[in-house]
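The opening position of the sequence shown corresponds to residue 1 in full-length UniProt numbering, with each subsequent residue numbered one higher.
We put the beta carbon where it would ideally sit given N, CA and C, even for glycine.
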Amino acid sequence: MVRDVIRVLVRRWYVVLLGLLLTAGLAYGAVAATPPEFKSRALVLLLPSADAVEEIGNPLLALSGLEQPASLVVAQIMSNPEREAVERRSATADYFVALDSSVRGPVILVEVNDVTAAQSLATLEYLKGRISDELARLQAEVDAPDDSIIRSMELTTDVTATEDLSTTIRNAIAAVAVGLAATGFLAFGVDGLITRRSAREPALPRAEGAANDLSGDRAGRVPAVPKEPADAAPAQQDEEAAQAPEPSPARTGRAR
1 MVRDVIRVLV RRWYVVLLGL LLTAGLAYGA VAATPPEFKS RALVLLLPSA DAVEEIGNPL
61 LALSGLEQPA SLVVAQIMSN PEREAVERRS ATADYFVALD SSVRGPVILV EVNDVTAAQS
121 LATLEYLKGR ISDELARLQA EVDAPDDSII RSMELTTDVT ATEDLSTTIR NAIAAVAVGL
181 AATGFLAFGV DGLITRRSAR EPALPRAEGA ANDLSGDRAG RVPAVPKEPA DAAPAQQDEE
241 AAQAPEPSPA RTGRAR
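Structure below.
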């Protein structure tokens, strides 16, 4: 089966060449349509209030119970108004804010993707500031005392954005796969069409020649008239002569 496929592709090399050129064009278009993105990320930790630290002494030992305020901040940052505000700053930015599932505690993960490294880092800084602002706003609305205010601290933050080619490579691979599949189908379709046409062309002249010969024979044929054999007449005459009665001799009489 593999040999048959190779034979077809070799016979229709011009179709394969055209398909490869179109496939290269599709891959180039996919890469141009999806340029590489630049990713930056940061981790923000919520710290307990001064009252909680005074009782324990170490803020890191009083992190339990802060996941709920962190979830409220995440919900606000991921809301539609905040997304519209980010879009006004950078129309190509895409961000994600959630509690970091890799650690236990009130750790907020911030990830930003954008078409340039500068825009990605700028949006990351904006979102980190919005986390602090939103945390302060929520506590102000509930009239939290100053000594019970929850604070935020940056654990890690990227100073340079990382280039991400995954989307570009994925789209290029999809374009190449579609182009190669279309090339194969087109080559087999053209080969089948030409093969069927070549098989019909010799049969048509033979059929037409046979029809012409048959019509010529019918037109030039004269109905044969049966002829008696040449020796049939003398034999019939001899038979009739044998069957005829012999003449009686004439009588001669004396005169009295």
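Discussion item. Under DSSP, the beta strand (DSSP E) around N113 begins and ends at which residues?
Written reply: Translated into positions along the sequence shown, residue 113 becomes position 113. Bounds of the beta strand (DSSP E) holding N113 are V107 to D114.
Worksheet item: Which class does A42 belong to by DSSP, given the choice of helix, strand or coil?
Response: On the sequence shown, position 42 is the one that residue 42 refers to. Three-state DSSP puts A42 in a strand.
Worksheet entry | Pair within 8 Å by beta-carbon distance, L186 and V31 | Residue mapping note: residue 186 aligns to position 186 of the sequence shown, counting from 1. Residue mapping note: residue 31 aligns to position 31 of the sequence shown, counting from 1. Between L186 and V31, the gap from beta carbon to beta carbon reaches 8 Å or more.
Discussion item. Could you check whether the region 121-136 touches the region 3-18, counting it as contact only if at least three pairs of C-beta atoms, one from each stretch, sit closer than 8 Å?
Written reply: Contact between the region 121-136 and the region 3-18 is absent: fewer than three C-beta pairs spanning the two stretches fall below 8 Å.
Item to complete: Note down, one range per segment and in chain order, each beta strand (DSSP E) of at least 3 residues found wholly within the region 98-167.
Response: Runs found: 107-114, 151-157 and 162-164.
Worksheet entry | Residues bridged to L47 [DSSP beta-bridge criterion] | By one-based count along the sequence shown, residue 47 stands at place 47. Residue pairing by DSSP places L47 opposite R151 in a beta bridge.
Fill in: Proximity below 8 Å, CB of K39 to CB of A174
Counted from its first residue, the sequence shown places residue 39 at position 39. Counted from its first residue, the sequence shown places residue 174 at position 174. Their beta carbons are not under 8 Å apart, which means K39 does not touch A174 by this criterion.
Item to complete: Hey, could you find the ends of the alpha helix (DSSP H) residue 257 is sitting in?
Response: The shown model of the chain, from 1 to 256, leaves out residue 257, and the question about it has no answer.
Discussion item. Considering only DSSP beta bridges, list what D94 is partnered with.
Written reply: Here residue 94 refers to the residue found at position 94 of the sequence shown. In the DSSP assignment, D94 forms a beta bridge with N113.
Discussion item. Give me, in chain order, the residues of the same chain whose beta-carbon lies closer than 7 Å to that of S148; leave out the 5 immediate sequence neighbours on both sides.
Written reply: The count along the sequence shown starts at 1 and reaches residue 148 at position 148. Closer than 7 Å at the Cβ level, and outside the excluded window around S148, lie S49 and D51.
Discussion item. Excluding the 5 residues flanking S132 on each side, which residues of the same chain have their C-beta closer than 7 Å to its C-beta?
Written reply: Your numbering for residue 132 matches position 132 in the sequence shown. Correct list, in chain order: S152.
Worksheet item: What do you reckon, is the C-beta of Y126 under 7 Å from a heavy atom of the ligand HEM?
Response: For the structure depicted, the ligand HEM is absent and the ligand set is empty, with no information on it obtainable.
Practice prompt. Go ahead and label Q68 buried or exposed: buried means 16 or more other beta carbons lie within 10 angstroms of its beta carbon, across all protein chains shown.
Written response: Position 68 of the sequence shown holds residue 68. By the 10 Å Cβ count, Q68 comes out exposed.
Item to complete: Look at the Cβ atom of I77, then the Cβ atom of V103, and state whether they are nearer than 8 Å.
Response: Taking the sequence shown and counting its residues from 1, one reaches residue 77 at position 77. Taking the sequence shown and counting its residues from 1, one reaches residue 103 at position 103. In this structure, I77 lies away from V103, with their beta-carbon atoms at least 8 Å apart.
Worksheet entry | Start and end residues, alpha helix (DSSP H) containing P81 | The residue you call residue 81 lines up with position 81 of the sequence shown. Counting along the chain, the alpha helix (DSSP H) containing P81 begins and ends at N80 to R89.
Worksheet item: For R251, is the classification buried or exposed, using 16 other Cβ atoms within 10 angstroms of its Cβ as the cut-off for buried?
Response: Taking the first residue of the sequence shown as 1, we reach residue 251 at position 251. Any answer about R251 is weak, because its pLDDT of 48 lies below 50 and its placement is not dependable; what the coordinates show is given next. That one is exposed.
Worksheet entry | Residue burial classification, R196 (beta-carbon count within 10 angstroms, cutoff 16) | By one-based count along the sequence shown, residue 196 stands at place 196. Only exposed fits R196, as fewer than 16 other CB atoms lie within 10 angstroms of its CB.
Worksheet item: Which term fits R3, buried or exposed, when burial requires 16 or more other beta carbons within 10 angstroms of its beta carbon?
Response: Position 3 of the sequence shown, counted from the first residue, corresponds to residue 3. Residue environment: R3 is assigned as exposed (fewer than 16 neighbouring CB atoms within 10 Å of its CB, all protein chains considered).
Practice prompt. Going by DSSP, name the residue or residues bridged to E37.
Written response: Position 37 of the sequence shown, counted from the first residue, corresponds to residue 37. Answer is D164, bridged to E37.
Worksheet item: What span of residues does the alpha helix (DSSP H) with A75 cover, start to end?
Response: One-based indexing of the sequence shown puts residue 75 at position 75. Boundaries of the alpha helix (DSSP H) harbouring A75: E67 to I77, taken from the DSSP string.
Fill in: Spatially closest choice to V178 from P81, L45 and G19, by CA coordinates
As a position in the sequence shown, residue 178 is number 178, starting the count at 1. Minimum Cα distance to V178 is reached at G19.
Worksheet item: How long is the line joining the alpha carbons of L61 and S79, rounded to whole angstroms?
Response: Within the sequence shown, numbered from 1, the residue matching residue 61 stands at position 61. Within the sequence shown, numbered from 1, the residue matching residue 79 stands at position 79. Roughly 31 Å separates the two Cα atoms.
Discussion item. Once DSSP output is grouped into helix, strand and coil, what is the label at N171?
Written reply: Taking the sequence shown and counting its residues from 1, one reaches residue 171 at position 171. Under the three-state reduction of DSSP, N171 is assigned to helix.
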